[in-house]
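Undergrad: Before I ask anything, let me first share the structure, which is written out below as structure tokens.
Number of protein chains: 6
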Amino acid sequence: MIDPLERWRALGLPDKPDYAGLLTFAGMPYTQDPAELAGVDVAVVGAPTDDLVSDRPGTRFGPRAIRAASCPPGPHLEAKVDAFAKLRVVDFGDAAVLPADPVRTHEQIESTVSQVVEAGAIPVVLGGDHSITEPNVRAAAARHGPVGLVHFDTHTDTGTEVFGVEHSHGTPMYRLVRDGHVDPARYVQIGLRGYWPGEAEFSWQRDRGITSFFMHDVRDLGIREVVERTVATVGDGPVFLSVDVDVLDPSIAPGTGTPEPGGMTSADLLWACRELSRRCELVGIDVVEVLPTAVGSADVTALVADRVVREALTGIALRRREADGRT
Amino acid sequence: MIDPLERWRALGLPDKPDYAGLLTFAGMPYTQDPAELAGVDVAVVGAPTDDLVSDRPGTRFGPRAIRAASCPPGPHLEAKVDAFAKLRVVDFGDAAVLPADPVRTHEQIESTVSQVVEAGAIPVVLGGDHSITEPNVRAAAARHGPVGLVHFDTHTDTGTEVFGVEHSHGTPMYRLVRDGHVDPARYVQIGLRGYWPGEAEFSWQRDRGITSFFMHDVRDLGIREVVERTVATVGDGPVFLSVDVDVLDPSIAPGTGTPEPGGMTSADLLWACRELSRRCELVGIDVVEVLPTAVGSADVTALVADRVVREALTGIALRRREADGRT
Amino acid sequence: MIDPLERWRALGLPDKPDYAGLLTFAGMPYTQDPAELAGVDVAVVGAPTDDLVSDRPGTRFGPRAIRAASCPPGPHLEAKVDAFAKLRVVDFGDAAVLPADPVRTHEQIESTVSQVVEAGAIPVVLGGDHSITEPNVRAAAARHGPVGLVHFDTHTDTGTEVFGVEHSHGTPMYRLVRDGHVDPARYVQIGLRGYWPGEAEFSWQRDRGITSFFMHDVRDLGIREVVERTVATVGDGPVFLSVDVDVLDPSIAPGTGTPEPGGMTSADLLWACRELSRRCELVGIDVVEVLPTAVGSADVTALVADRVVREALTGIALRRREADGRT
Amino acid sequence: MIDPLERWRALGLPDKPDYAGLLTFAGMPYTQDPAELAGVDVAVVGAPTDDLVSDRPGTRFGPRAIRAASCPPGPHLEAKVDAFAKLRVVDFGDAAVLPADPVRTHEQIESTVSQVVEAGAIPVVLGGDHSITEPNVRAAAARHGPVGLVHFDTHTDTGTEVFGVEHSHGTPMYRLVRDGHVDPARYVQIGLRGYWPGEAEFSWQRDRGITSFFMHDVRDLGIREVVERTVATVGDGPVFLSVDVDVLDPSIAPGTGTPEPGGMTSADLLWACRELSRRCELVGIDVVEVLPTAVGSADVTALVADRVVREALTGIALRRREADGRT
Amino acid sequence: MIDPLERWRALGLPDKPDYAGLLTFAGMPYTQDPAELAGVDVAVVGAPTDDLVSDRPGTRFGPRAIRAASCPPGPHLEAKVDAFAKLRVVDFGDAAVLPADPVRTHEQIESTVSQVVEAGAIPVVLGGDHSITEPNVRAAAARHGPVGLVHFDTHTDTGTEVFGVEHSHGTPMYRLVRDGHVDPARYVQIGLRGYWPGEAEFSWQRDRGITSFFMHDVRDLGIREVVERTVATVGDGPVFLSVDVDVLDPSIAPGTGTPEPGGMTSADLLWACRELSRRCELVGIDVVEVLPTAVGSADVTALVADRVVREALTGIALRRREADGRT
Amino acid sequence: MIDPLERWRALGLPDKPDYAGLLTFAGMPYTQDPAELAGVDVAVVGAPTDDLVSDRPGTRFGPRAIRAASCPPGPHLEAKVDAFAKLRVVDFGDAAVLPADPVRTHEQIESTVSQVVEAGAIPVVLGGDHSITEPNVRAAAARHGPVGLVHFDTHTDTGTEVFGVEHSHGTPMYRLVRDGHVDPARYVQIGLRGYWPGEAEFSWQRDRGITSFFMHDVRDLGIREVVERTVATVGDGPVFLSVDVDVLDPSIAPGTGTPEPGGMTSADLLWACRELSRRCELVGIDVVEVLPTAVGSADVTALVADRVVREALTGIALRRREADGRT
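In order, the protein sequence lines correspond to chains Z, U, V, A, B and E. Going by the numbering used here, the first sequence runs without a break in its numbering and finishes at 327. Going by the numbering used here, the second sequence runs without a break in its numbering and finishes at 654. Going by the numbering used here, the third sequence runs without a break in its numbering and finishes at 981. Going by the numbering used here, the fourth sequence runs without a break in its numbering and finishes at 1308. Going by the numbering used here, the fifth sequence runs without a break in its numbering and finishes at 1635. Going by the numbering used here, the sixth sequence runs without a break in its numbering and finishes at 1962.
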């Protein structure tokens, strides 16, 4: 394991400038060695792949951009907890993706995420296009059994095919439910809008009891009520949190492949991710569809993607603190 | 008429990728032949001109960018109607604009829009700068008589001149009211803010009974109340809907020539356009002042302009469905 | 003094296009001569420096960008006052900054702002990084005594050091309070969020009675209540207004060095600046951390920074009008 | 067939502004109907696909960008011939690409190009990534037998696999030679440089008699000598011309996925394409790896790609004129 | 007159950072007062207008961008002369352009340039689109009689109309020759290429004895021979130098409205401008068609436009020094 | 030491996609531990700092961008050697830079480079602004004694001060010669042009016997002659190679702080770096003033900077091979 802060710590500094030093998530220590995951609470994994997109590609640059936009540890000014002080977080590197070979790429992602899961840590996977949720959840479900899913997105991603292709960033949720890795009764979609999919997909969803909060629901109910209902729906078992940044309005997350106007505010999404992570038993997280176009913190989409992860980690840290308090 | 989907339909697919095939609005069939407008409900016309702007030019690239950002048909996830299934929509191409000759350009725009109007279809004109509303409305009023006008904008565009020029993107509404094409009692402005125009113009507006909702009104009353009052004001007759994308906050529509902070959210604008189109008798639509700087769906301003049109078409489709229900 | 409008006035026009003529704030007359400040109400000063930033640099281009984005005078459409008609405003040029020499640069900024203050005008300083608030406030306090401070920002900027450096854009507020130029009992922070600073700094703040409104407070209380409490806290004495544009959400102000998702809306910030300027006795203003990347009005961050200044000037004009009314 | 110039011709104008009217290559008539290819000399086909790239994706936007950058007909100022007056050119639209399905996409490209070839016209295929040369040449060879190949590129694209993938933008030339569609004795590569491929691939090439001009050869010999030797090598039979824009220096063609410094000048490449097209019997052309990032003529890479096609068409027109002269 | 260096000179510094202080060309003193032109050798005038372009607009931002890109005085490292030490140069501000009113705009440009000419100074006009050469040369010819013209450009700009418009950026040279302001026998065009204009225009040019060096001539003859022949052609009388930056290759000057691949290198253009200015009797200069997209020195097109002016000024300074040496 | 290729090697692949895996130079193994430098031939060090620039900042993002643009190992297609096969290269990480503290930052750079030098490896330092050459050369000279210097640059960087500041990116070469770390008789500057510095600095240089090749010399003599003379001048002793990317034309390296038109071609610079590295005894290399604005290989300046390093490594590898051949 290599600690990027080492040279700065030698100067008596607790931190390093974001733009300097080894590029890891939040400046966390880096390892590629599964043996070093022992005792780790959270391991960040990159899945830089976009072979299965149906519109603008480029999310293969997402993991690197999110790491470059990620800010150093520190106390969450509202939640009053420093997730990195409470949790042991490492950057476990990228899965061994292969350009133009999505099948083997997904195998590699699943294998790498499985190493995290097997070590007892929570995987945080940085995408990459949304198709990666299939190997991510598969790895989690292999250990925890069928998981609940909280899914922030413009689109349901429950198509059986997109442009005639079954293996696509528009079909992972269909495949995960179909294959029994996600429990549809504990599957909640938040932020749906736009013009896809159609009645066939929604009918399929209804038949399985999948819960959907459309953007007009979010506006009408308010994010707090949506989160309450989501918590009630997913209940106590293991939950995977999947955030497609296109759930945000394009003004907030322009760097994504299929943006759709009328989306969530970052205040709502960030709070919801923290609160859900505090109240649910998260067994895995992914943040996907970041298509960066700018350098470092200038990339606002990678920036908000980083903060989505931060809020989730903060929620997990709060949950641990509350658990500590109960014991 | 040429259908861009043809080659994909031969593969059994109902749609094509946005980035492929002939560039038309939403992949709709293309014709330049007025004879083919028979039976058409809505015809999209491009007006790629920006000779009359007073600040940053470039909206001549707007129509092409909106077409590139336009997404394929599908059911509106909130309104549960697919406008393109309910309505027959075609792309009627661009008017024969001439660079550096705004007079003849406007003649050509009016002539092209008139062909749509004469065919009994609703024209949707993609700008171009806001001066095009003059020929657009003139064409509509030639058939329908003086029209009501619902006008989303930062600026009133009722100047008598801008920098000493009478033919400008800051004067079309003055000219249309002056010339009797717009009924001022049925003219509603929504979203005004900033520092232009001055008391003289507002006094002129008040004298004619023009209704203005400033941005602070939108925030204080809420968009639902503003829409209610607008519907009440424009009443039952023919109405033209003109949307200057600078009514949106610059965070949402940065690609425009005279952005002004403190504007509308896309959620409000999109809902309002749908609702107004459902409840008013629309005889024409334009969406103007899109100044694109990016390719395809990466251009967030063209994207939201496309969705403005979509919501209006959705509203028209709902209105038709409701009318069907009544018969 | 040179008036950029001169050649247009000779044509009978009250204004000039934003992109033409001498580049001054809002097209105001330009002078570098302190003697010409007599009778001036407000003098704009540029402080193009960014030597003390800890992340992305480039705010040295801020003053020029804000001037390029600034729009001509005109009546505020909500407040119904034209600040430039009510107040005599000049552009006093840039301080004599020296690249890579922040100490002498700050001396020059303080000296230039002092000339404004000594002339009895209100300085409006365009940054530059936030470290410039130190010379700005020092110049104001030299005349007015310890000032109240209304400080919009993501960060408190009350660190004792940043990466081991005491002279930084993260420390000016600490230094100003420490040195007695800001009265901590009359110091209000609005918009705090993110992960910096830590408990040590907040403890120091609490000990001195500094008031902080975090972003969650702004959302929970509403901006009107926050402004009420701020007015109550700063009371009647001289107040400095310091606006770091990173208080805004990155969707609104992407052009800044350390953006943080979840920030203020422009509607809230602009209204608050106007209202505070109307109700408090402002003795100086700065707007900082604008890192422009686009030309003219295409730079949305410089644009909103300009409007921050406009709203403040509008508030000052309203205050003068109210004072006139009382006499 | 639809002629985009129609509305402008009605005004007595021979042309239309580049940014207006139906988006076709050089404003040429558009058809999707193979029956309308009768009598056509050259048909432009788009192949908007990039599923097989190994680095930066985005060339799926290439065909549209090249069309947007293409300028209207006119006499070549050096060659004194207007290719569009001499040749009948149409835009035959895009092949029915399917995102994330490169196998069926290639089938569609081959099928569409075959329609052109069968009609006796020369196909000009706009990519897309370089893998499309496989279906392009296959279609040509199906009619003409094994073809000669003039191949401008940084890379040989004769890998057997790239990152373990056989179907890649780095392998088409290997596959075409292997499968007998390209005659290696009549295959010339021009512009090679950088660090790929290795000795194994070059050894394979030498064994088959493939001719390579590296960039240092181009600089040492001069482009005229390189072209002479190329003409001598490919001889009299049918020749396919394949131009990867990354053969140009990245200063000239920055919009490409795998740029390599030290490349050709546009003067050399443009002249060579014209001269080779004049002297060889071209049976097909492709221009690939344009990854656009800007709008219209602002995209310099799409611009130079358009001019590559223009020069080739000019060369073909010269060849026809010379042939006319001989008869 | 205001000297932007004043505050820095007070610190003992001969210069100021490019990004700070009043924005003038090369930091030169600024005046709008014709009376202050007495004794001035060169006066820079901005002509920020682009109403007459036929493709991409935006050159109205050119003058400001060139000033922002202009570097401080200093000795030319090859020519060993500091033009600003040898010549008295001022920035005379922008002409009073009016958006959307090219007729009055041109009157204002001519009037402003005339003031410079009348004062005995050489005007250097920063465009703006190329149509401004008409008022520029008219002003020069009014004093000096018909002038010689050295014209660097992709296009001849000798159309009688463009898209049916006579007043266009494609027609100024036709109009100037037609109206007797340019002596066609002393008119030299350098850098022509591409596909416009056609035989009619070239025939008109030949009839009048206009000399054209196409880009292939420049490559074949070498820039030194082209300059020699140009000097011989324009002879001893007054000469105007007009540089359209699109004469450069788009790799060097991407920020222009109608770029054309295969253009001049900056080394050739810069040397030629210096040499021609040294050997000819320049009575005016313009640099046009700069369409900036970036801030400050990041805009490479504005940068090279500034250096075009610098080389011309250097040449004038050398000419003066040589003249001094002869006396 | 961590090898980024590990997971791909486990798949039997010799390489990884550039955009995936731990971000190191060319995918080389990473270590921060000086003990692991034993046996290493070349160690890459990042120096992400730009506190001492006089114009546009941002080179602090340079090292990360160069790593992101760096391509995997492979045989140089002209030189027929794979530097990474011949040499053992590691990425030694970034020096512990401190924003806004250039003094301590330089100490850290010197210390980190010294560790490389002490280990007997050649340091390749990625800047960062040019001021870093001072600690870089100091570290080399501490071991090797006064070094020869081959310095590619637009500017001499031999000022005694810039804007009154002695510690600047315009002064390192003055300081290194003054302090005896560079032997002026063995110091060669290549590529000088523009307007800085003045006679005083050149006089100082001449007095010390420093050799300068201006850009006009490079054009007149040709790069081969310039390299011959340079080799002759620096002779046999230890030589440091310092490449400021602004020596290239801005068309090739637009991403730099003080670009100057009329610069070197990449073909010339790349060849010269290889040849000089082959023929001289290099003891250190730096590549500076890369100011990235784009992601990954889209940043053409970082790309060419990477290739500068590659050519130098290739030259070193050739030198080793030749030395091997002699033994």
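By construction, the Cβ of each residue, glycine as well, lies at the ideal position given by its N, Cα and C atoms.
(1) The beta strand (DSSP E) that contains residue 1936 of chain E, what's its start and end?
(2) Just checking: is the beta-carbon of residue 1507 of chain B within a distance shorter than 9 Å of some beta-carbon in chain A?
(3) Distance cutoff 9 Å, beta carbons only. Does residue 1148 of chain A sit that close to anything in chain Z?
(4) Mind checking if residue 1281 of chain A is an interface residue toward chain B, Cβ cutoff 9 Å exclusive?
(5) Quick check on the burial criterion: 16 or more other C-beta atoms within 10 angstroms. Buried or exposed for residue 1308 of chain A?
(6) Among E:1683, E:1759 and E:1717, which has the Cα closest to the Cα of residue 1875 of chain E?
(7) Using only CA atoms, which one of A:1187, A:1193, A:1262 and A:1286 lies nearest to residue 1233 of chain A?
(8) Anyone know if the C-beta pair for residue 836 of chain V and residue 800 of chain V falls short of 9 Å?
(9) Pair every Cβ in the segment 257-276 of chain Z with every Cβ in the segment 299-316 of chain Z, then say whether three or more of these pairs are closer than 8 Å.
(10) Return the bridge partner residues of residue 805 of chain V from the DSSP annotation.
(11) Does the contact criterion of 3 or more C-beta pairs under 8 Å hold for the segment 1723-1731 of chain E versus the segment 1742-1757 of chain E?
(12) How do the segment 1135-1144 of chain A and the segment 1172-1183 of chain A stand: do at least 3 beta-carbon pairs fall below 8 Å, yes or no?
(13) What's the C-alpha gap between residue 1902 of chain E and residue 1878 of chain E?
(14) Would you mind working out which of A:1045, A:1245, A:1215 and A:1065 sits nearest residue 1263 of chain A, comparing C-alpha positions?
(15) Given that residue 176 of chain Z touches chain A, what residues does it touch there, using C-beta distances under 9 Å?
(16) Locate the beta strand (DSSP E) running through residue 984 of chain A, then write down its first and last residues.
(17) Find the residues of chain Z that neighbour residue 630 of chain U, judging by a C-beta separation of less than 7 Å, and give them in chain order.
(18) Along the segment 373-392 of chain U, what residues have a CB closer than 9 Å to any CB found in chain B?
(19) Buried or exposed: where does residue 1629 of chain E fall if 16 or more other Cβ atoms within 10 Å of its Cβ makes it buried?
(20) Output the distance between the C-alpha atoms of residue 619 of chain U and residue 1007 of chain A, rounded to the nearest integer angstrom.
(21) Give a yes or no on whether the C-beta atoms belonging to residue 245 of chain Z and residue 188 of chain Z are separated by under 9 Å.
(22) Whole angstroms are fine: how far does the CA of residue 1048 of chain A sit from the CA of residue 425 of chain U?
(23) Is it the case that the Cβ atoms of residue 782 of chain V and residue 826 of chain V are separated by a distance below 9 Å?
(24) Just the chain A side, please: which residues come within less than 7 Å of residue 1711 of chain E by C-beta, in chain order?
(25) Alpha helix (DSSP H) containing residue 1867 of chain E: first to last residue?
(26) Between the segment 1110-1119 of chain A and the segment 1075-1093 of chain A, can you find at least three pairs of beta-carbon atoms closer than 8 Å?
(27) Of all the options V:664, V:979, V:957 and V:733, which has the alpha carbon lying nearest to the alpha carbon of residue 723 of chain V?
(28) What in chain E is Cβ-close to residue 817 of chain V, meaning under 8 Å?
TA: Put simply:
(1) Taken as a continuous stretch (DSSP letters only), residue 1936 of chain E belongs to no beta strand (DSSP E), being part of the alpha helix (DSSP H) at 1935-1961.
(2) yes
(3) yes
(4) yes
(5) exposed
(6) E:1759
(7) A:1286
(8) yes
(9) yes
(10) V:843 and V:896
(11) yes
(12) yes
(13) 14 Å
(14) A:1215
(15) In chain order: nothing, as chain A lies at least about 18 Å away.
(16) Unbroken run through residue 984 of chain A: none, as it is neither H nor E.
(17) 250, 259 and 261
(18) 377, 378, 379, 380, 381, 382, 383, 384, 385, 387 and 388
(19) For residue 1629 of chain E there is no data in the structure shown, the boundaries of chain E being 1636 and 1962.
(20) 21 Å
(21) no
(22) 20 Å
(23) no
(24) 1176
(25) 1858-1869
(26) yes
(27) V:957
(28) 1733, 1734, 1735 and 1736
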